[in-house]
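Q: Got a structure for you, questions after.
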Ligand SMILES: Nc1ncnc2c1ncn2[C@@H]1O[C@H](COP(=O)(O)OP(=O)(O)O)[C@@H](O)[C@H]1O
Ligand SMILES: Nc1ncnc2c1ncn2[C@@H]1O[C@H](COP(=O)(O)OP(=O)(O)O)[C@@H](O)[C@H]1O
Ligand SMILES: Nc1ncnc2c1ncn2[C@@H]1O[C@H](COP(=O)(O)OP(=O)(O)O)[C@@H](O)[C@H]1O
C-alpha cells in the first residue's frame, strides 16, 4: 500500500502525466520510491499545512464575515470554526482512509477503511519523503476548507445544527469520494486528469455545492433589492490577504516537496493572483466607473482559485494568462448569477470557486504545453488532455450537484435547515448563539 | 557544554524517556551528537519560531483584547507588546543563560551565567542539528508567551509600570528556574518528567500565576454581576485562530527537527484541538441550550494547552481523548472558579491554561503508552510515570504560587499595582496611555 | 550568467565582504557554486517569501489603515493591494530582469532584458541552492513592499489612478535600478557596500520617496492642528505585530539559506526590535509622561528597519545597540519633521524608514566588527567601510529624491495627483472607490 | 409645526420610511439608540459569567411636520411599526417653535 | 406629559437607571453622544502630532413622564449622576403634546 | 429657554462649533445621525449587487440657550453650515421648560 500511496497527489498527477508524455514512469519519479525522510521537504510540508489552516482560519472566515451584516458576523465565524473542528475529527475517524487508502474492488470510487482512526499512521510511516502524519494533516486542511467555502452561499440563513449535519454528510458523500477519484487512485486519476492542488476537489465541489444549496435554501430576506451592505470591508480585505498568503501552502505545498515544482507553483500563483485582481479591477472600472476594493480582492481570489489546478504544470506566462481569464470570467458570471438569474449565491461561491476551479482545470490542459512554458504537454496531446479535463469538470459538477441536493433534502427530514424569518431578522448571532459580535461602550 | 546542551528540550525528554524504556541512551539519540547543521531542521525551526511569535503577537493579544471593554482594549494589546519586548531583552541579557546553561552546583535549580548577553552564541554554534541562534530565539518566544498569558487574569486593573516590574521579576523567579528544571537539565528533567512543549513550563506556570494575581489584585469593579460584555468577539475569534495556527510552531517546533516526531506532534495537536472545541461546544449546548462562539474557541485553546506537554508522546487517538478531557475539564473549572469561588480570574487563565497544562501533563503519562498509540511507555511503567508527572505538576504549581505572591507583594513596596477606581472607570487606555482604541468619525 | 547570478544578494554582499577581509573569495563561498538544490534552504525560502508577502499584505496595510480616519481606511488598503498586484506584474514583465540580469555595458547601473517575462526561469534553474523561481518570488515581495511603504506619506490625498502611475514609474526609475546597484551586481555592490536585507534598497528608497512626495503633494487638509485622530489603533497594533513576524522572512530570508546566518539574522532582528520599541516607549514616557501604544509599535518598526541592512553582519549585542539607536533617532526625527519642519509626511515614512534604513546601513559598518560580535570586520577597516556605507546612503538618497520628483511631476502632466478638497472631505473611500469601510446596522 | 419622535424596532425602519413617503413625508433624521422599557432584556452567558442585557437596540426617528399632518403621521408610523409584540416602541409629539432650512434660510412651514 | 433629557457621564448610566426604577420610572431611550461644555477636552499626542479632543463621551437619556413626576425624576437623576466634578451634565425638560404606544395604540398618560 | 437642534453635514461640525463659541455659546451635545431628505442617497454596487443608500451621515447638535440668543444662534449656525448645496440640513427650535445643571443643582438661566 505504501508503494501505492506514495504515488498520490500530486505525484500521481505528475506520474500520470509522465505516462502520457513518455509512455511510462520516468526514472526520476521512481527514484523517490526509496521512501527516505527528507527534512527539507518535511519542513516545507509542516509549514504548508499551517498555511492552509491559516488560509481558512482566520483567512476565509474573515473574508466572508466582513461581507455579512453585523448581526450575522459571529455566525459566519462560528460556522468556519465548527466546520474546521468537525472535519478534522471526521478525517481522523475515517475521512483520510476513505480518500486515500486502497478501496479494493471499489477503488475507482472510494477508498477503504484500512486507515480508519488513522491506524497505520505511525511515527515512522512515510509518504514519499515526508512523514505520513504530515501528509494526513496537510490533506486534512483541504478537507476543512472545502465545506467552509460553501458557507458563503447561504450566509444569514442556515441554522447551526443543520450546518453541522450538512458538513458531515457532504464530506462523506462529496468530498471524500471526489478526493479519492482525483488524488486517491480513483477513476479520474487513472484517466490522467491534471489537477495539482484542488481546482476540482476543493473549488469546483464547493462552488457547485454552494450554488445548489443557495437554490434550495432560497434567498436572504430582502434579496435582491433591500439587502444591507457588507458591514466591514476592512475585515474582508484582511481575510483576502490571508487567503493570498496561505494559498502558497495550498499550491506550492501540493508539490509535497521543497522543490523546483513547489517554487514554480508559488511563482505562478503569485502572478495569476495579480493579473486576476487587476483584471477584475479593470472590469469594475469599465462597468461602474470606479475601481472597487471588494472587486480587486475578489479578483485576487478568483485568480488563486483558477491557478490552483494548474499551478504545478504551467509557467509564468501561463499563470499570467490564466489569471486574466479568471478575473474576467468570474466577474461576468458573478453578474449573470446575481443580475440575470437572480440567484442569491450570497458571496458568489459558485461564480468564483466553481467557475474559477473549472476554468483553471480546463486551461491547465492548454497551458501545460511546453511551448507555452508549461511542464511539457506536446501540442498534439492537448486536445486529448482537454477532453479529460473537461470530463473531470463535468463529472465532478454533476456528482456534487446531485449529492448536495440529496444531503440537504435528507437533513430536512429531521432538522430545520433554513432559519425562520424571525431568526434571520434578529441575526443568527443572537438567534443561534445568543451572542453579539460588537458591543460598544 | 555543547554536549550537554545538545541534550536539551525536548531531546532530553526523549532521552530521559529512552532511559526509562531501554535503560540507556539509544543509538539513534546518540547519533545526533555529531552536531552537523541540517538545513531542513533549521528551516522548520526558523519557521516554528516565527509561528510562536505570531501566536502571541498578534494571536493571544487579540484573543484577550476582544474580551475586554472597548475602553481597555489598547491596554491589553500594549501589555502583550511590551512584555514581548521586555522578555526578549531579559532573555538576551541573562534569561537564556539562567535557563539553559550549566548551573554548576546549582544545576538542579538554575543555570549559570556563561551565556549571559548570549556570549558563546556564535554563528557556528549548533544545538543538535540547528544553529544555536535559532534555538535561542525559539525558546525566547516561549519566555515571551508565558507572561502574556497571565495578563488575562488581571485585565482592566493592573497599572502599566507595575506590569513591567511584574514581568521582569516573574520571569526571573518563576519562568527561568522552572524552564531550567524541566528543559535545562534541572531536577525535574533528571527525574524523567515527560513535558514536550510547555504544559508545565509555560501553561501551568502562567495559569497558576494568573490565579494568584487575580486573588491578590481583587476583582474588577462590577464583578460579578455588573460587568460589561466582551466588546468585540470578532477580534477574539481572529486571535483564537491565530493561536491555533501558531501553536503548530509551539508543539511541532518542540521536536527541534523536521521529523516524524514533529509531524505526529502537529497531527495530534490538530485532533486534540478539534475534539476539545467540540466538547466545550457540547457542554455549552447542554448547559445553556446554545452552542457559543466564545465557548468553541475557548475549548480549542483548552485542547491546544492540554495536548502541549503530550504532543511528542501520544498518537492520534490519544490526542482525541486528551482533547475531549480538556474540553470538559476546563469548562467545569471555569464555572467553578467564576460561579462557585467567585474569583475574578477574568479571562480564565487558570481554568484553561493551568488546568489544561496540568491535565495534559498527567494524561501524557497514560497515553504515551504504546498500547494506546503512544511513543512507547510499557503498561507497567505507567504508574511510575504518572507519579513523576503528578510530582511535576505539584512542584511547579506550588513554586509558582509562592513566587508569584512574593513578586506582587514586593512590587507593592514601591509601585501601585492596582489601578484606582477612577483609572479603571476612565479605562486603562486613557488612564495609562492617553490613547483611545476606536475613534470614529 | 548563472555563475554570476548565483553570487547575488546577499551572497554577493558576503562575498564582497570576504574580499575585503581576506583579499579573495573564501573556499566556503565558492563551494556553493555547485548549484545543487537543497530542500532545506528551499523550504525556508518558500516560507520566507510567504512571510514577506504577509508582512505587506495584510501587515503593513493594516498598520497604516488604522492610523487614517475611517473615511479613508479602504483607500489605504486598496492602495496596498493594488500596488502588490501591479508590482508583481511588472516584476514578471521586466522588473526581475532589470534588477538581476546582466546589464552588459550598463551593468553598473541597470540590468538587461534577458529575463524579461521571466524567460529562462525554468523549473530546474537554480540560484545557489534554491530554485530560481523561489528567488524571483522572494525578491518580488521586496519590490512590492517598497512602494507600499511610501503610501504612508500621502494617505488621504493621492488619487487612485495617479497612485498606479506612481507605482509603475517609481519602480522603474528608482527601485529596479537601486536594487541592481546593490544586489544585482551594480556599482554599489562592486564597492562592497554592506546591505543585507533592504536598508538601502527598500527602506531608504521608500522613506526618501515618502518625504519628497509629501512635500510635493502638500499636507492633508487640517494639518497640523485640525487633524482627526487615528481611527482604530487596534488595527495598527495588529499590523505592527504582523510586520514583526513577517520581518523574519525579510531578514533571515535574505540569507537565502536555512543557515547559521539566517538564524543569527533572526535573533538580532528580534533583539533590535525589542530594544528599539522599549527605547521609543521610554522617549514617550519622558517626553509626554505616558508610554504610548502607537509609540511602542512605531519603535518596533524603527528597530526592524534599522537592523535590516545589518542583520546578516552583527551579533546580539550589536543588534541591541542598533535597536536603541534607532528607537531614539527615529523618535527625534519624527518630532523634527512634524513639529519643526511642519511637513506632513503623514505616517512618518521618512522618519522611520528613511532614517532607520540609513542609520542601520551606517552602523552596520561599525557593528560588523568582530570585536563587537559581528561577522568580522577588522577594527582598522571600519573607517573605510563606514565611508562606503555613507556613500551608499547619500547616493541612494539623492537618486531617489531626484527620480521621485521627476515621477510625480511627469504624472502631473496627464493625471490629477492630489485629491480635491471635496474628494478628501468625502473620504477617499467614497470618492475613489464608492465604498465605505464600516457599515453598522 | 410639530416634531414627532418615534422609537421603533430597527428592522421596521424601511417599512416606516416607506409608509411616511406614501403620505408625502420625506424628511427625517434617524439615530441608533438603546431602549429600556417593559420589554425586558435577556441574560447572556459568556464562559460562565452572566451578563444582564438591559438595553435593547432601537431606532429613533425625528420627523418635523406641519400641524395638520400629525394624525396621519402618527397613524402611518403606528401601523407600519406595529408587530403586536412588547417592545414595539413609542411615539412622542411636541411643539416646534421654529424650523429653518440651512441651505436657503427659509423658515417656518416652507422649511419643514 | 413631559420629556426629560439628561446628559450624563457614561459610567453613571447604571446608577441613574436604578434610581429611576426606584421611583417607578422604567421607560427610557438612551443615546451615546459627544458633549461639549465647560469641561474641557484634553490634548492627545500621537507620534508628535497633537490632537485637541474637544468632545467628551456622554450618554443622553430621554425619559417621557407624567407631569407630576417631574420633580422627583429631576431629583433622582441629579442625585445619582452627581460627582461634584465639572462635566456632570445637564437635564432639560420640555412639554410633550402627545405620547402613543405603538403596540396598543394607547395615547396620553397610559402610554407613558 | 430654547433648545436648538441643528442637523448639519459632518465636516461642518468644527466650523459651527467655532461660530457658536464666537457668540459665547459653548455648551452643546452632539450625536451622529443618519439623514433622509431631499438630498438623495446614491447607489453602491458590491460585486454585482446594488444597494440603495437612503440615509446619509449627518451630525445633530443640541444646544440649549436663553431666549434672547435664538436669533444670533440660528444665524451663526446657518452661516457656518451653509454650502448652498442640497443636504445642508435643518434647524429646529423648541421651548424648554426647565434646565438643570447636575453638578450644582442650579436651574433655569444660570444652568444653560
Ligand atoms: N417613558 C419612556 N420614555 C422614553 N422612551 C421610552 C419610554 N418608555 C418606553 N420607551 C422606549 O420605547 C421602547 C419600547 O417600550 P417597551 O415598554 O419595551 O414596549 P411597549 O411600548 O411595547 O410597551 C423602549 O425600548 C424605549 O426605547
Ligand atoms: N447649552 C447646552 N446645550 C446642550 N448640551 C449642553 C449644554 N451645556 C452643556 N451641555 C452638555 O452637558 C455636558 C456637561 O456640561 P459641562 O459644561 O462640561 O459641565 P457642567 O454641566 O458640570 O458645568 C456637556 O458635555 C454637554 O454634553
Ligand atoms: N422633516 C424633517 N424632519 C427631521 N429632519 C429632517 C427633515 N427634513 C430634513 N431633515 C434632515 O435634514 C437633512 C437635510 O435635508 P435635505 O432635505 O436633504 O436637504 P436641504 O435641507 O438642503 O433641503 C436630512 O438629511 C435630514 O437629516
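Residue numbers (the working numbering), protein chains in the order written: chain A, 35 to 475; chain B, 35 to 475; chain C, 35 to 475; chain D, 8 to 119; chain E, 8 to 119; chain F, 8 to 119. Built from N, CA and C at the ideal position, the CB exists for glycine as well. From a predicted model like this one, the values you see are computed outputs, not experimental measurements.
Could you tell me which of C/235, C/158, C/137 sits nearest to residue 148 of chain C, measuring between CA atoms?
A: Cα-wise, what sits closest to residue 148 of chain C is C/137.
Q: Do residue 243 of chain C and residue 395 of chain C have their C-beta atoms closer together than 7 angstroms?
A: No, Cβ-Cβ distance for residue 243 of chain C and residue 395 of chain C is not below 7 angstroms.
Q: Residue 103 of chain C versus chain F: which residues are under 8 angstroms apart at the beta carbon?
A: The contacting residues do not exist; residue 103 of chain C stays about 11 angstroms from chain F at best.
Q: Return yes when the C-beta of residue 39 of chain D is under 6 angstroms from any heavy atom of ligand 1, and no when it is not.
A: No.
Q: Counting pairs of Cβ atoms below 8 angstroms between the segment 73-90 of chain F and the segment 452-465 of chain C, do you hit three or more?
A: Not touching, per the Cβ criterion.
Q: Using a C-beta to C-beta distance shorter than 7 angstroms, which residues of chain F count as neighbours of residue 373 of chain A?
A: Within 7 angstroms Cβ-Cβ: 55.
Q: So, at 7 angstroms on beta carbons, what are the nonlocal neighbours of residue 330 of chain C in its own chain, with the 5 sequence-adjacent residues on each side left out?
A: Answer for residue 330 of chain C: 311, 314, 315, listed in chain order.
Q: My output table needs one value for residue 307 of chain B: the three-state DSSP class, helix, strand or coil.
A: Of the three classes helix, strand and coil, the one that applies to residue 307 of chain B here is helix, per DSSP.
Q: Hey, is residue 102 of chain E's beta-carbon within less than 7 angstroms of any beta-carbon in chain F?
A: Output row for residue 102 of chain E: interface = yes.
Q: If you follow the beta strand (DSSP E) that residue 107 of chain E is part of, which residue opens it and which one closes it?
A: Counting along the chain, the beta strand (DSSP E) containing residue 107 of chain E begins and ends at 105-108.
Q: Could you pull the DSSP bridge partners for residue 43 of chain F from this structure?
A: Answer is D/35.
Q: Return helix, strand or coil for residue 453 of chain B, following the three-state DSSP convention.
A: Residue 453 of chain B: coil per DSSP, three-state reduction.
Q: Ordered along the chain, which non-local residues of its own chain (more than five positions away) have a Cβ less than 8 angstroms from that of residue 61 of chain A?
A: Bear in mind that a pLDDT of 37 at residue 61 of chain A, under 50, signals an unreliable position, so the number given afterwards is only what the model happens to contain. There are no such residues.
Q: Name, please, each residue of chain D whose Cβ falls closer than 7 angstroms to the Cβ of residue 89 of chain F.
A: Those are 109, 110, listed as they occur along chain D.
Q: Might you give, ordered along the chain, the residues of its own chain that have their beta carbon closer than 8 angstroms to the beta carbon of residue 30 of chain D, omitting 5 neighbours on each side?
A: Taken in chain order, the residues that qualify are 76, 79, 80, 83.
Q: Flag residue 459 of chain C as yes if its beta-carbon sits less than 7 angstroms from any beta-carbon of chain F, otherwise no.
A: Taking Cβ atoms only, chain F reaches closer than 7 angstroms to residue 459 of chain C, which makes this a yes.
Q: Out of A/233, A/123, A/150, A/292, point me to the one whose CA is closest to residue 392 of chain A's CA.
A: Comparing Cα positions, the closest option is A/233.
Q: Using the C-alpha atoms, what's the distance from residue 348 of chain A back to residue 411 of chain A?
A: Cα to Cα, the separation comes out at about 10 angstroms.
Q: Rounded to whole angstroms, what is the Cα-Cα separation between residue 65 of chain C and residue 163 of chain C?
A: Any reading at residue 65 of chain C must be qualified, since the residue scores a pLDDT of 38, below 50, and its modelled position is unreliable; no value is offered.
Q: Report yes if the C-beta distance between residue 99 of chain E and residue 15 of chain E is below 7 angstroms; otherwise report no.
A: Not closer than 7 angstroms, so no.
Q: With DSSP as the reference, label residue 190 of chain A as helix, strand or coil.
A: Three-state DSSP puts residue 190 of chain A in coil, outside helix and strand.
Q: Using only CA atoms, which one of C/325, C/458, C/457, C/449 lies nearest to residue 195 of chain C?
A: Nearest option by C-alpha distance: C/449.
Q: If the cut-off is 7 angstroms on Cβ atoms, which residues from the segment 14-38 of chain E count as contacting chain B, listed in chain order?
A: Cβ contacts with chain B come from 18, 21.
Q: Residue 108 of chain E: buried (16+ other C-beta within 10 angstroms of its C-beta) or exposed?
A: Buried.
Q: Give the residues from the segment 233-261 of chain B that approach chain E closer than 7 angstroms (Cβ to any Cβ), ordered along the chain.
A: Listed by position, the residues of the segment 233-261 of chain B near chain E (Cβ gap below 7 angstroms) are 260.
Q: List the residues of chain F that residue 81 of chain E touches, going by C-beta distances under 8 angstroms, in chain order.
A: Correct list: 105, 107.
Q: Please work out which residues of its chain come closer than 8 angstroms, Cβ to Cβ, to residue 157 of chain C, disregarding the five sequence neighbours upstream and downstream, and give them in chain order.
A: Within the same chain, residue 157 of chain C has close Cβ partners 165, 167.
Q: Distance check for residue 404 of chain A and residue 57 of chain A, CA to CA, integer angstroms please.
A: Low per-residue confidence applies at residue 57 of chain A: pLDDT is 36, beneath 50, and the placement is therefore not dependable enough to give any value.
Q: Have a look at residue 290 of chain B and residue 76 of chain A and give me their C-alpha separation to the nearest angstrom.
A: Straight-line Cα distance between these residues: approximately 13 angstroms.
Q: Below 7 angstroms between beta carbons: does that hold for residue 246 of chain B and residue 435 of chain B?
A: Against a cut-off of 7 angstroms, the Cβ pair of residue 435 of chain B and residue 246 of chain B comes out as a contact.
Q: By alpha-carbon positions, which one of B/132, B/257, B/280, B/270 ends up nearest to residue 218 of chain B?
A: Here the closest residue by C-alpha is B/132.
Q: Would you mind sorting residue 277 of chain B into buried or exposed? The rule is 16 or more other CB atoms within 10 Å of its CB.
A: Classification of residue 277 of chain B: buried, given that the 10 Å Cβ count is 16 or more.
Q: List the endpoints of the continuous alpha helix (DSSP H) containing residue 181 of chain C.
A: It spans 166-185 - the alpha helix (DSSP H) in which residue 181 of chain C sits, taken as one unbroken run.
Q: Verify the CB distance criterion: does residue 468 of chain A have a CB-CB separation below 7 angstroms to chain B?
A: Yes, residue 468 of chain A counts as interfacial toward chain B.
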